[in-house]
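Q: Submitted below is the structure of interest, expressed as structure tokens.
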Amino acid sequence: MSPSTKRRLLHTRQVVCTGFEREDGLFDIEGRLLDTKGVATDFPYGTIPAEGVLHYMRIIMTLDQDMIIRQFKAISEQAPTPACSQIDRAYGALVGLRIGPGFKKHVAERVGGVKGCTHLTEMLGPMATTAIQTLAPVIQQRLRQRAASDPDFQMPRHWVIGTCHAYHPEGDAARRASEWRPDDAATDV
């Protein structure tokens, strides 16, 4: 879709999240946030030149197979005030949280508002989704192994049911997810 009116770039925000499996059985979810200015912009602590960096922040969140945060490191490499990087250590309060229902609420309780950084905290939403996507094949493998070794094993309700419009509990996608088993033949999405 091309714009119908001439435009001038003022700001770009890029958030990139990546999931890794570690040799020790844990998983690293890395998030990077980069804000750049399209035009020179004055701030109380100086001027950000055109194409200059306003924010460059990183998070490395280490999880176990149960989606529990085991380590958490926040790094504010570039920020508009000297105080910004002073809050990085506060994110250690997230160690022990499980990514799943209620995660955003628990994050807000621990690092919301003045207890954290708006940008680091906002990055946790896409990082949580990245964690789920990263660990999905591992969880599927674990379910496959359990089903193969235990004939009485009942597959749990698929986690995706009820999470969005497409997976409405009475919809076709939810029905398929409920009936699906990890060893079923895959089809392209």
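Quick note: the sequence shown uses my numbering, first residue 24, plus one each step. Cβ coordinates follow ideal geometry from the N, Cα and C atoms, glycine included. Just so you know, these numbers come straight off a predicted model, no measurement behind them.
So for Thr104, helix, strand or coil by DSSP?
A: Position 81 of the sequence shown, counted from the first residue, corresponds to residue 104. Three-state result, Thr104: coil.
Q: From which residue to which residue does the beta strand (DSSP E) around Phe43 run?
A: Working through the sequence shown from its first residue, we reach residue 43 at position 20. Element bounds for Phe43: His34 to Glu44.
Q: Grab me the residues of Ala63's own chain with a C-beta within less than 8 Å of its C-beta, minus the 5 sequence neighbours each way, in chain order.
A: Residue 63 sits at position 40 when you count from the first residue of the sequence shown. So the qualifying residues of the chain are Thr70, Ile71, Pro72, Ala73 and Gly75.
Q: Who are the Cβ neighbours of Gln94 in its own chain at under 7 Å, not counting the five residues just before and after it?
A: What you label residue 94 is simply residue 71 of the sequence shown in a count that begins at 1. Counting only Cβ-Cβ distances below 7 Å, and skipping sequence neighbours, we find Thr85 and Val118.
Q: Identify which residue in Phe50, Thr141 and Arg121 has its Cα closest to the Cα of Leu110.
A: For the purposes of this step, residue 110 is taken as the residue at position 87 of the sequence shown. First, the amino acid is wrong: residue 110 is Ile here, not Leu. Answer by Cα proximity: Thr141.
Q: Closest by CA to Phe50, which one among Ala196, Glu202, Ala159 and Gly125?
A: Position 27 of the sequence shown, counted from the first residue, corresponds to residue 50. Nearest option by C-alpha distance: Ala159.
Q: Please say whether His78 and Gln101 have beta carbons closer to each other than 8 Å?
A: By 1-based counting over the sequence shown, the position of residue 101 is 78. By 1-based counting over the sequence shown, the position of residue 78 is 55. A contact, by the Cβ cut-off of 8 Å.
Q: So which of Arg31, Pro26 and Pro67 has the shortest CA-CA distance to Pro105?
A: Within the sequence shown, residue 105 is the residue found at index 82, counting from 1. Ranking Arg31, Pro26 and Pro67 by Cα distance to Pro105 puts Pro67 first.
Q: Give the straight-line distance between the Cα atoms of Ala97 and Gly136, rounded to the nearest whole angstrom.
A: One-based indexing of the sequence shown puts residue 97 at position 74. One-based indexing of the sequence shown puts residue 136 at position 113. Cα to Cα, the separation comes out at about 16 Å.
Q: Taking the alpha-carbon positions, what's the Asp47 to Ile91 distance?
A: Here residue 47 corresponds to residue number 24 of the sequence shown, with the count starting at 1. Here residue 91 corresponds to residue number 68 of the sequence shown, with the count starting at 1. Those two C-alpha atoms are separated by around 15 Å.
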